[in-house]
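In order, the protein sequence lines correspond to chains L and V. Throughout, my numbering is defined as the position within the first sequence, counted from one, plus 71. Throughout, my numbering is defined as the position within the second sequence, counted from one, plus 393. By construction, the Cβ of each residue, glycine as well, lies at the ideal position given by its N, Cα and C atoms. Keep in mind it's a predicted model, so treat the numbers as computed, not measured. Have a look at the structure below, then the notes.
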Amino acid sequence: MQRLRTSGPKPAVLAGAVALGCIGLAVVTPMLALVAVAPAMPDLSADYLGFVWSITKFTLLQAGLSTALSVLAAIPLARALARQATFPGRRIVLRLLALPLALPALVVVLGLIEVWGRQGWISTIVQATGLAGPLNIYGLSGILIAHVFFNMALAARLLVASLEQIPPENWRLAAQLSFTSRHVFRHIEWPVIRSALPGIASLVFMLCIASFAVVLVLGGGPKATTLEVAIYQSLRFDFDPPRAVLLAALQLALCAGLFVLGGRMATDIAVMSGVGKPARRPDRFASRRTDALVIAAGLAFLALPMLAIFLSGVMAPFSVIVSQSVFWQALTTSLVLALTAASLALVMAWSLLAAQRTIMRRRTPSRAASAFMSCMQASGSLILVVPPVVIGAGWFVVLHRTGLANSAAPVIVAIVNALMALPFALRILRPAVVGQAQIHDRLCASLGLSGLQRWRLVDLPVLARSFALAFAFAAALSIGDLGAAALFGSADFVTLPLLLLQKMGSYRSVEAAGIALLLAGFCLFLIWLAERLKPGEQNS
Amino acid sequence: MTGAAIHLDDVNFAYPGGDPLHFSTTFEAGSFTGLIGPSGSGKTTLINLIAGFEEPASGHIIFDGVDAGVTEPADRPVTMVFQDNNLFAHLDVFTNIALGVSASLDLSGDDKARITTSMEETGLSGLGKRLPRELSGGQRQRVAIARALVRDRPVLLLDEPFAALGPALRRDMLRLVSNIHKQRAMTVILVSHDPADVKFAATHAAFMDAGRVIANRPVDALFSASDIPGLQGYLGT
């Protein structure tokens with residue numbers, strides 16, 4: 072009996088394999104380099120171990136305190152916002168909560184210094200009242216303020232979203248049973264908050280462990296240095312690769328451990344922004360006054376630094392800034408980097424997803440195919456386990472060994488930035504690709520639409536908005552990144568955040584303010600664009 | 394092109410964790426078979442196997458003496474109309490149909506004429522530039538049928554494509570399919586929930602129960618039979 076033609080190899084699967092290989096190479100090469108320079112016999116002197124221990128301790132301490140403070144502050148704010156579902160300007164407040172994570176960390180630090188620094192707004196008021204001397208933002212307190220700034224907003228946003236999931240019948244029931252605010256908290260709100268808390272807390276803890284720009288500027292000395300910053304300093308100031316290796320290993324172990332522990336981590340958060348239609352709660356009148364106070368306080372804490380960035384930014388001497396060639400160099404580098412990193416992230420994400428889509432079509436994939444699938448799925452979260460600074464440190468060693476430090480730096484920074492954006496790109500694209508596959512797979516299979524034809528006729532038009540969204544996100548992430556770029560910065564390689572850091576370090580704060588505003592503008596524009604492009608409901 | 398005979402030779406299949414299904418039957422070339430039976434009896438699975446969307450665990454699916462093996466759905470002598478999502482929402486009616494001619498949309502003048510003819514046959518004249526969302530539910534399924542026509546395959550599989558339409562509209566659509574069947578002598582298999590639809594349009598009827606084809610006979614013979622276990626219970630007679 073003759074047989075009809077059977078199918079050939081699948082190019083999509085090959086593309087996925089290539090992407091997986093590239094990601095592996097980009098991460099494994101620097102690891103090998105770190106192992107290669109690791110000292111055969113580590114320095115076990117008490118001084119050395121004490122130094123490493125104090126850094127590790129501080130890393131954990133500041134992350135723990137930051138997490139506790141952020142979450143504690145977020146709970147009342149989230150309750151107030153969920154309860155008051157209708158006040159004018161609520162949408163603006165919710166948007167404001169999304170801003171801190173969208174802004175480059177360094178820009179936020181500058182704003183915080185304007186408000187909380189020795190010559191800042193708060194210090195001026197406190198001194199005028201004669202109650203205390205000027206505030207000191209450097210050290211642990213400043214790091215905590217900055218981390219609470221970023222993460223309270225994030226935690227509050229997530230908690231509001233959880234609270235709004237509570238079915239409206241609960242509120243009607245609470246009203247019928249004449250619950251007080253305390254009863255409502257105990258019986259309705261707390262169970263929801265409690266179930267959301269572990270995920271939120273572990274996410275915040277992880278972000279604080281990996282925080283670089285905040286600690287770089289506000290910390291310093293062995294008393295207020297985290298592993299990330301210590302790795303950078305070992306390589307850039309002391310040129311002590313063996314120490315960097317030890318620190319990188321510690322950081323890696325820490326991140327991997329946390330990643331395993333916090334399996335429920337809410338990694339999809341940064342992408343999620345819209346909140347559903349909130350319930351009109353019967354208890355909204357009774358607590359109106361306290362809620363207004365809580366919201367106003369939270370608003371002031373978040374808005375003042377942003378206002379400071381804006382005010383000092385618009386007064387910056389832009390004519391001086393644009394007359395410097397280094398500014399144009401930094402601007403060009405940052406834009407090229409952002410576009411390259413975003414394109415790279417998108418190509419990787421699509422290759423991985425298309426390959427997974429192709430494999431998933433088989434009802435019973437072979438064992439090899441299943442293993443390949445798991446690898447592709449895991450590769451998206453790799454950057455959460457292996458922090459960018461560790462990858463950067465490895466590449467730093469590789470490039471110095473091979474004498475390519477200057478010429479290859481931009482390429483490495485682009486790759487690391489792309490890897491950083493990959494989890495977000497996958498988060499955005501995966502649901503779109505999966506949904507699209509459910510609708511179109513059988514149809515495409517029956518029409519013989521595959522490969523480039525399917526890409527051109529179906530995938531691209533249907534997924535275009537998701538692609539644009541992921542691209543804008545990745546570009547914003549890359550343009551504000553300091554961690555990867557700082558390791559490789561040089562006279563030949565300057566990005567906007569690096570230039571900002573230089574200006575801050577050399578006390579050119581008015582110029583710094585202008586660059587900060589520009590950077591903030593870029594990021595907010597990209598995020599705004601991304602929000603506008605958010606894929607709408609498509610029905611056929 | 395005339396219809397192909399479809400022979401299911403000892404085909405076994407099971408969804409992961411599901412009951413085993415077993416299919417052995419023949420659909421004669423040029424017949425129009427209505428597939429009836431309780432929900433969960435395997436009607437859709439059967440035509441998904443024929444279309445190549447599922448792979449049999451064992452057994453053969455044979456079109457006019459040729460074993461389909463693991464041939465891709467697009468390469469089988471089959472075209473299928475689904476219950477919904479038959480159209481690409483972002484492409485207009487003409488393009489949606491044209492994809493049945495050429496996946497790369499390389500259309501000769503001849504092709505375009507065929508597409509226009511198929512649109513006339515299905516009552517879609519003048520709607521070529523419309524997007525699917527601008528059409529009624531019945532019109533969307535007409536587009537899917539028009540595409541099936543231009544694909545010009547010997548076998549047409551219909552997976553309850555009219556279930557969402559009202560009775561009068563459903564009759565119109567069945568009449569359309571019935572006319573196409575008469576003109577082109579395709580082999581048609583229609584999954585249906587409504588025995589009345591099958592009596593109205595089909596030449597044959599197959600009754601399925603618990604993952605098996607219990608009987609496959611000319612329409613009148615099947616509905617008047619009293620020797621088919623489960624049929625009376627299903628029909629409620």
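Alpha-carbon to alpha-carbon, L/S517 and V/V591: Along the second sequence, one-based indexing puts residue 591 of chain V at 198. Along the first sequence, one-based indexing puts residue 517 of chain L at 446. Straight across, the Cα-Cα distance linking V/V591 with L/S517 is about 25 Å.
Three-state class that DSSP yields for L/D311 in the structure shown: As a working note, residue 311 of chain L is residue 240 in the first sequence. The three-state secondary structure of L/D311, taken from DSSP, is coil.
Quick one: using the 10 Å Cβ neighbour count with 16 as the cut-off for buried, is L/S405 buried or exposed? Counting from one through the first sequence, the residue named residue 405 of chain L turns up at place 334. It counts as buried.
Going by C-alpha to C-alpha distance, which of L/I163, L/T138, L/T200 and L/A232 sits closest to L/L215? Within the first sequence, the letter at position 144 stands for residue 215 of chain L. Of L/I163, L/T138, L/T200 and L/A232, the residue nearest in Cα terms is L/T138.
Rounded to whole angstroms, what is the Cα-Cα separation between V/L551 and V/D602? Locating residue 551 of chain V in the second sequence gives position 158, where the first residue counts as 1. Locating residue 602 of chain V in the second sequence gives position 209, where the first residue counts as 1. Rounded to whole angstroms, V/L551 to V/D602 spans 19 Å at the Cα level.
Whole angstroms are fine: how far does the CA of V/F616 sit from the CA of V/K575? Locating residue 575 of chain V in the second sequence gives position 182, where the first residue counts as 1. Locating residue 616 of chain V in the second sequence gives position 223, where the first residue counts as 1. Distance between the alpha carbons of V/K575 and V/F616 is about 22 Å.
With DSSP as the reference, label V/T437 as helix, strand or coil. In the second sequence, residue 437 of chain V corresponds to position 44, counting from 1. Here DSSP, grouped into helix, strand and coil, assigns V/T437 to helix.
I need the straight-line Cα distance from V/R610 to V/T419, nearest angstrom please. The residue given as residue 610 of chain V occupies position 217 in the second sequence. The residue given as residue 419 of chain V occupies position 26 in the second sequence. Roughly 10 Å between the two C-alpha positions.
Presumed contact (8 Å Cβ cut-off) between V/T437 and V/V584, rounded CB distance: Position 44 of the second sequence, counted from the start, is the residue given in the question as residue 437 of chain V. Position 191 of the second sequence, counted from the start, is the residue given in the question as residue 584 of chain V. The pair is a contact, with the Cβ atoms about 6 Å apart (cut-off 8 Å).
If contact means a Cβ-Cβ distance below 8 Å, which residues of the segment 486-510 of chain V contact chain L? Taking 8 Å as the Cβ-Cβ cut-off against chain L, the residues of the segment 486-510 of chain V that qualify are L492, G493, A496, S497 and L498.
Relative to chain V, which residues along the segment 302-322 of chain L have a C-beta separation below 9 Å, given in chain order? Cβ contacts with chain V: none found.
How do the segment 500-512 of chain L and the segment 370-386 of chain L stand: do at least 3 beta-carbon pairs fall below 8 Å, yes or no? Between the segment 500-512 of chain L and the segment 370-386 of chain L there are fewer than three inter-stretch CB-CB distances shorter than 8 Å, so the stretches are not counted as touching.
Could you name the residues of the segment 587-619 of chain V whose beta carbon sits closer than 8 Å to any beta carbon of chain L, in the order they occur along the chain? Residues are counted here when their Cβ sits less than 8 Å from a Cβ of chain L; for the segment 587-619 of chain V the count is zero.
Based on Cα-Cα distance, which residue from L/V98, L/Q573 and L/F158 lies nearest to L/F356? Numbered from its first residue, the first sequence carries residue 356 of chain L at position 285. Of L/V98, L/Q573 and L/F158, the smallest CA-CA separation from L/F356 is found for L/F158.
Is L/A439 close to chain V? Criterion is C-beta to C-beta, closer than 8 Å. Counting from 1 along the first sequence, the entry for residue 439 of chain L is found at position 368. For L/A439, the answer is no, since every Cβ of chain V falls outside 8 Å of its Cβ.
Between the CA atoms of V/I573 and V/G427 - distance to the nearest angstrom: Taking the second sequence and counting its residues from 1, one reaches residue 427 of chain V at position 34. Taking the second sequence and counting its residues from 1, one reaches residue 573 of chain V at position 180. The alpha-carbon of V/G427 is positioned some 15 Å away from that of V/I573.
Taking 8 Å as the cut-off, does the segment 482-489 of chain V touch the segment 526-537 of chain V (at least 3 CB pairs, one atom from each stretch)? At 8 Å Cβ cutoff, the stretches touch.
Give a yes or no on contact between the segment 142-158 of chain L and the segment 360-367 of chain L, applying the rule of three or more CB pairs nearer than 8 Å. Yes, since at least three Cβ pairs between the segment 142-158 of chain L and the segment 360-367 of chain L fall closer than 8 Å, the two stretches touch.
Span of the alpha helix (DSSP H) around L/I454: The sequence position of residue 454 of chain L within the first sequence is 383, counting from 1. Under the DSSP assignment, L/I454 falls in the alpha helix (DSSP H) whose first and last residues are L453 to V456.
Among L/L475, L/F398 and L/V288, which residue has its Cα nearest to the Cα of L/A176? If you number the first sequence from 1, residue 176 of chain L lands on position 105. When each option's Cα is compared against that of L/A176, the closest is L/V288.
L/S452 versus L/M419 - alpha carbon distance: As a working mapping, residue 452 of chain L is identified with position 381 in the first sequence. As a working mapping, residue 419 of chain L is identified with position 348 in the first sequence. Roughly 13 Å separates the two Cα atoms.
For L/S344 and L/L268, I'd like the C-alpha separation in whole angstroms. Start at 1 with the first residue of the first sequence, and residue 344 of chain L comes out as number 273. Start at 1 with the first residue of the first sequence, and residue 268 of chain L comes out as number 197. Below a pLDDT of 50, predicted positions are generally treated as unreliable, and L/S344, at 39, falls in that range; no measurement from the model is reported.
First and last residue of the uninterrupted beta strand (DSSP E) at V/V471: Translated into the one-based positions of the second sequence, residue 471 of chain V becomes position 78. Run containing V/V471: V471 to V474, per the beta strand (DSSP E) assignment.
Separation of L/L325 from L/L274, as counted between CA atoms: As a first step, residue 274 of chain L must be located in the first sequence, where it is residue number 203. As a first step, residue 325 of chain L must be located in the first sequence, where it is residue number 254. So the two alpha carbons sit approximately 14 Å from each other.
How far does the beta strand (DSSP E) with V/M601 in it reach, from first residue to last? Within the second sequence, the letter at position 208 stands for residue 601 of chain V. Its beta strand (DSSP E) spans residues H597 to D602.
Spell out whether any CB of chain L is found under 8 Å from the CB atom of V/P466. On the second sequence, position 73 is the one that residue 466 of chain V refers to. Closer than 8 Å: yes.
Among V/P413, V/I399 and V/I582, the one whose alpha carbon lies nearest that of V/N405: For the purposes of this step, residue 405 of chain V is identified with residue 12 of the second sequence, where counting begins at 1. Measuring from the Cα of V/N405, the nearest candidate turns out to be V/P413.
Nearest neighbour of L/V397, chosen from L/P312, L/A295, L/F308 and L/K574 [CA to CA]: Here residue 397 of chain L refers to the residue found at position 326 of the first sequence. The shortest C-alpha to C-alpha distance from L/V397 to any of L/P312, L/A295, L/F308 and L/K574 is the one to L/K574.
Name the residue from L/R513, L/G551, L/L493 and L/M386 whose alpha carbon lies nearest to the alpha carbon of V/Q476. Your numbering for residue 476 of chain V matches position 83 in the second sequence. A check of alpha carbon separations from V/Q476 across L/R513, L/G551, L/L493 and L/M386 identifies L/R513 as the nearest.
Given this structure, state the Cα-to-Cα distance separating V/D403 from L/W599, to the nearest angstrom. In the second sequence, residue 403 of chain V corresponds to position 10, counting from 1. In the first sequence, residue 599 of chain L corresponds to position 528, counting from 1. Going from the Cα of V/D403 to the Cα of L/W599 covers about 59 Å.
To which residues of the same chain is V/F446 closer than 7 Å at the C-beta, ignoring the five residues directly before and after it? Position 53 of the second sequence, counted from the start, is the residue given in the question as residue 446 of chain V. If we look at V/F446 and ignore the five residues flanking it on each side, its Cβ neighbours are P466.
Can you give me the start and stop residues for the alpha helix (DSSP H) that V/D504 sits inside? Against the second sequence, residue 504 of chain V aligns to sequence position 111. Run containing V/D504: G502 to E514, per the alpha helix (DSSP H) assignment.
Within 10 angstroms of the Cβ of L/W399, are there 16 or more other Cβ atoms? Answer buried if so, exposed if not. Looking up residue 399 of chain L in the first sequence gives position 328. By the beta-carbon neighbour count (other beta carbons within 10 angstroms, threshold 16), L/W399 is exposed.
What does the Cβ neighbour count give for V/A397, buried or exposed, with the cut at 16 atoms within 10 Å? On the second sequence, position 4 is the one that residue 397 of chain V refers to. So V/A397 counts as buried.
Identify the residues that DSSP records as bridge partners of L/A295: which are they? Position 224 of the first sequence, counted from the first residue, corresponds to residue 295 of chain L. When DSSP reads this structure, L/A295 sits in a beta bridge with L/G291.
Would L/M447 be called buried (16 or more neighbouring beta carbons within 10 Å of its own) or exposed? By one-based count along the first sequence, residue 447 of chain L stands at place 376. When all chains shown are included, L/M447 counts as buried.
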